[in-house]
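Q: Below you will find the structure I want to go over with you.
In full-length UniProt numbering, the protein residues as written are 1 to 651.
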């Protein structure tokens, strides 16, 4: 017997589940004014939903092979520079030089020389393994001792500003003295007016830079923050999550874009994580190509400090494996995890780094230099979000529409698909080394700074891949982040900014609440072109915390959504994730008062077979500009009727 997912009285949705025959689909019969569903494609009446139905192999019936998992999933590849382009040498398809900054060049990627650092470490191990291993182990143990001090000390080492604990760089040098140069030398350098960055909002204004005369790079800027919070997970489970690179990558998709376990230097006692030292190569990112990613290789050390208390610490290895192009060094960072009642933990997280922020786009520079972009608060928020997701996916019941029943297997598949959608979204929009971003030509985008890159969707083996294009832009809005977030996530206001929804009826069909905050939810949104015709379905996830907000969505066809709600494998659903990230717009260093504005990053992802050869038609830039301009103008019209707030990322 099928379970209808619809209003109890009105059966207009026509989505059903049939557990007795292990199949999913659409009803053949027509109810009310709705005509029967055509079997040659997924659609309602004569209105197609834009995607072909999945092909079935009659020899396999309804079973799918595990080695095909991921068919239909998104595989974004780097575009190669076109050999012939009608736009000439200034064309957007030409590869820019690596020296250009995000504010002036076409690419914001990390230079490729950083990608070889993991190989350097492996080579160093093979040349003198015993010496290097012992040095790494010793450095990791020293880093844990420093982390314990930084987690327990208060003022003057830590200063609370703007609801965040910020490291005082001068006090750090006086109290802990972690650098190769002596603390006295560095303090004297600062006192006599040595090179320093301009004061930053949020409390980093007392931090000196860290110049090294023997290396040829810009001075590194000390950045540190601390956050303490309760996490609904046992200490040993948190340690396992951090020490397993796959789990770590899955738990922090909005922060970690790449994590590679290079090797285990020291195994823990009795095969546990107690005393384990390993070397990891990782890349940290934010949700915009205008914020350069941070690559580092470091030792990660986990140790049970006392009964019910663990420490996990990272420390960069650049002093053991010198490089002349250091732009980011991970100083002792990590967390102290204390056991609490009800299988929860009290986690004190410390983020400490030396970084060159010179290539950050000006629109994001106050946000990044304040320490907010990669703060400890953000790590605590993301691990809590991961715990909420786990709890919701495993719960037998969860808050949802009062008039809609979602079986547990369907809710679990829906949440897994949403998790894959958001992970894909963050990976696609970041400036990680795998993403090669280009700038759309200003003459075709009205001088609006639109960045784009090409990708592919891997279809079934017998079908050619489909090309996709991802494009994004950023602007400032004098609107509080909470108001902007509510406006963009609410389906009742979607027709005010989404050009596809203009003039159409939009309704939230199903939702699953993720955690206690009603705004954090996974939704299935229905867009109707008429009362009896579904134009499309949208999978949407919205999430907000103190560090920022995002709204991510992707179109889906009815058959695919029916399969997911029946507990089908979410890896078979093709996802083109678009959306928004919303960050607080911090004031520049010379402005003392706080602002109530937002930094809005818009991301669009579209499929088009004409992009498959890594060449982009000239008219595509006009389409980009049209979509971006209409969306921005609609948001401003709805939230700023006086027409203010025209500050965007310009070239």
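Beta carbons are placed, not taken as given, at the ideal position from N, Cα and C, and that holds for glycine. Nothing here was measured: the structure is a model prediction, and the numbers come from that model.
1. Please classify residue 306 as buried or exposed, where buried requires at least 16 neighbouring CB atoms within 10 angstroms.
2. Nearest by alpha-carbon distance to residue 146: which of 295, 244, 242 and 335 is it?
3. Is it right to say residue 155 is buried, meaning 16 or more other beta carbons lie within 10 angstroms of its own, or is it exposed?
4. Could you please give the first and the last residue of the uninterrupted beta strand (DSSP E) stretch that includes residue 265?
5. Distance check for residue 494 and residue 639, CA to CA, integer angstroms please.
6. Taking residue 597 and residue 585 to be in contact with their CB atoms under 8 Å, please state how far apart those CB atoms are, rounded to whole angstroms.
7. Give the DSSP-derived three-state secondary structure of residue 640 in the structure shown.
8. Is DSSP giving residue 342 helix, strand or coil here?
9. Could you check where the beta strand (DSSP E) with residue 545 kicks off and where it finishes?
10. Among 557, 526 and 518, which one has its Cα closest to the Cα of residue 545?
11. Let me check understanding here. Comparing Cα to Cα, which of 537, 467, 433 and 455 lies closest to residue 500?
12. Roughly how far, in whole angstroms, is the beta-carbon of residue 266 from the beta-carbon of residue 275, given that I think they are within contact range, below 8 Å?
13. Does residue 227 pass the burial test, meaning 16 or more other C-beta atoms within 10 Å, or should it be called exposed?
14. With distance defined between alpha-carbon atoms, name the residue in 396, 389 and 438 nearest to residue 415.
15. Taking the straight line between their C-alpha atoms, what separation do you get for residue 421 and residue 432?
16. For the beta strand (DSSP E) holding residue 417, just list the boundary residues, first then last.
17. Could you tell me if residue 343 is buried or exposed, where buried requires 16 or more neighbouring beta carbons within 10 angstroms of its beta carbon?
18. Give the C-beta separation of residue 287 and residue 426 to the nearest angstrom, bearing in mind that I take them to be a contact with Cβ-Cβ under 8 Å.
19. Compare the Cα-Cα distances from residue 245 to each of 235, 257 and 234 and report the closest residue.
20. Using the Cβ count rule (16 or more neighbours within 10 Å means buried), how would you classify residue 138?
21. When the distance is taken between beta carbons, is residue 602 closer than 8 Å to residue 580?
22. With a threshold of 16 other CB atoms inside 10 Å of the CB of residue 30, please say whether the residue is buried or exposed.
23. The alpha helix (DSSP H) with residue 394 in it runs from where to where?
24. If distances are taken between C-alpha atoms only, which option among 560, 515 and 475 comes closest to residue 633?
25. Taking the runs of the beta strand (DSSP E) that are 3 residues or longer, which of them lie wholly in the region 234-321?
26. Is it buried or exposed, residue 516, if we count other Cβ atoms within 10 angstroms and call 16 or more buried?
27. Alpha carbons only, please: which of 408, 377 and 379 is nearest the one belonging to residue 392?
28. In chain order, what residues of the same chain have a beta carbon less than 6 Å from the beta carbon of residue 12, not counting five sequence neighbours either side?
29. State buried or exposed for residue 269, treating a residue as buried only when at least 16 other CB atoms are found within 10 Å of its CB.
30. Pick helix, strand or coil for residue 576, following the three-state DSSP scheme.
A: The answer reads as follows:
1. exposed
2. 335
3. exposed
4. 256-266
5. 13 Å
6. 4 Å
7. coil
8. coil
9. 533-545
10. 518
11. 537
12. 7 Å
13. buried
14. 389
15. 18 Å
16. Segment 408-429 is the alpha helix (DSSP H) holding residue 417; no beta strand (DSSP E) there.
17. exposed
18. 6 Å
19. 257
20. exposed
21. yes
22. Unreliable placement is indicated for residue 30, whose pLDDT of 29 sits below 50; no coordinate value is reported for it.
23. 376-394
24. 475
25. 256-266, 276-284, 294-306 and 309-316
26. exposed
27. 408
28. Note that residue 12 has pLDDT 35, beneath the 50 cutoff, so the model's placement of it is unreliable and no number is given.
29. exposed
30. coil
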